[in-house]
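Chemist: Residue numbers (our numbering): 9 to 181.
C-beta: ideal position from N, C-alpha, C; glycine also.
Mind having a look at this structure? Questions to follow.
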């Protein structure tokens, strides 16, 4: 295993009062599919093998998005990845997350998605879909970005718990 991450729990002021849990896909095949649309890891929860990151070129040029860029390049270089369902990190939620928008963010988003296409990670249809979804969010007013983040980040990955339960049952049989 080259990268392991987990779901995380966010809080505003008191770590004992969670505001939401950010779920991510659990298994490698799910991570590959999920990564074609958005970042498949909660960066604060990630542990990775240094040699696997260096093999993929280490952190790159995409300010504010360098983790996502690294995970994609690691996938393309053959790294294996998993996430744990249990939130292993409690993270203070910054109210400024909705500030991740504007012209500079939109340009970086466009450049990163175009790079994912150029290196063969995205098809042309996936590139167009991602740009049509992600660029408008980057250019939207803060309250819309806040709603989008809340909707996107709190939804469990499809079949998240069911797949985990099925795997647990198979191991016990």
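Label residue 72 either buried or exposed according to how many other C-beta atoms from any shown protein chain fall within 10 Å of its C-beta, with 16 as the threshold for buried.
Modeler: Position 64 of the chain shown, counted from the start, is the residue given in the question as residue 72. Exposed.
Chemist: Using 10 angstroms around the beta-carbon of residue 50, count the other beta-carbons present and answer buried if the total reaches 16, otherwise exposed.
Modeler: For this step, residue 50 is matched to residue 42 along the chain shown. By the 10 Å Cβ count, residue 50 comes out buried.
Chemist: Applying the 10 Å Cβ sphere with the 16-neighbour rule, what's the burial state of residue 52?
Modeler: For the purposes of this step, residue 52 is taken as the residue at position 44 of the chain shown. Burial call: exposed.
Chemist: Just grab the DSSP bridge partners of residue 25 for me.
Modeler: The residue given as residue 25 occupies position 17 in the chain shown. Note: residue 25 sits in no beta bridge, so no partner.
Chemist: Leaving out five residues before and five after residue 61 in sequence, what residues of the same chain have Cβ atoms less than 7 Å from its Cβ?
Modeler: Translated into the one-based positions of the chain shown, residue 61 becomes position 53. Excluding positions up to five away in sequence, the list reads 78, 82.
Chemist: Taking the runs of the beta strand (DSSP E) that are 3 residues or longer, which of them lie wholly in the segment 52-119?
Modeler: 89-100
Chemist: Since residue 80 and residue 11 are thought to touch, with beta carbons under 8 Å apart, how far apart are those beta carbons, to the nearest angstrom?
Modeler: Walking along the chain shown from the start, residue 80 turns up at place 72. Walking along the chain shown from the start, residue 11 turns up at place 3. Their Cβ separation, rounded to whole angstroms, is 12 Å, which puts residue 80 and residue 11 out of contact at 8 Å.
Chemist: Less than 7 Å separating the beta-carbons of residue 18 and residue 27?
Modeler: On the chain shown, residue 18 is found 10 positions in, with the first residue counted as 1. On the chain shown, residue 27 is found 19 positions in, with the first residue counted as 1. In this structure, residue 27 lies closer than 7 Å to residue 18 by Cβ.
Chemist: Report the residue from 14, 65, 20 whose alpha carbon sits nearest the alpha carbon of residue 87.
Modeler: As a first step, residue 87 is located in the chain shown; it is residue number 79 there, counting from the start. Considering only alpha carbons, the answer is 65.
Chemist: On a Cα-Cα basis, can you pick out the residue from 118, 116, 132, 110 that is closest to residue 148?
Modeler: Taking the first residue of the chain shown as position 1, residue 148 is located at position 140. Comparing Cα-Cα distances from residue 148 to each of 118, 116, 132, 110, the minimum goes to 110.
Chemist: Is DSSP giving residue 32 helix, strand or coil here?
Modeler: As a working note, residue 32 is residue 24 in the chain shown. Coil, per DSSP.
Chemist: Suppose you measure from the CA of residue 133 to the CA of residue 124; what does that come to, to the nearest Å?
Modeler: For the purposes of this step, residue 133 is taken as the residue at position 125 of the chain shown. For the purposes of this step, residue 124 is taken as the residue at position 116 of the chain shown. For residue 133 and residue 124, the distance between alpha carbons rounds to 12 Å.
Chemist: Whose C-alpha, out of 117, 21, 34, is nearest the C-alpha of residue 75?
Modeler: The sequence position of residue 75 within the chain shown is 67, counting from 1. Per the Cα distances, 117.
Chemist: In this structure, how does DSSP classify residue 129 when only helix, strand and coil are distinguished?
Modeler: Position 121 of the chain shown, counted from the start, is the residue given in the question as residue 129. Coil, per DSSP.
Chemist: Rounding to the nearest angstrom, what Cα-Cα distance links residue 135 and residue 92 in this structure?
Modeler: Within the chain shown, the letter at position 127 stands for residue 135. Within the chain shown, the letter at position 84 stands for residue 92. Cα to Cα, residue 135 sits roughly 28 Å from residue 92.
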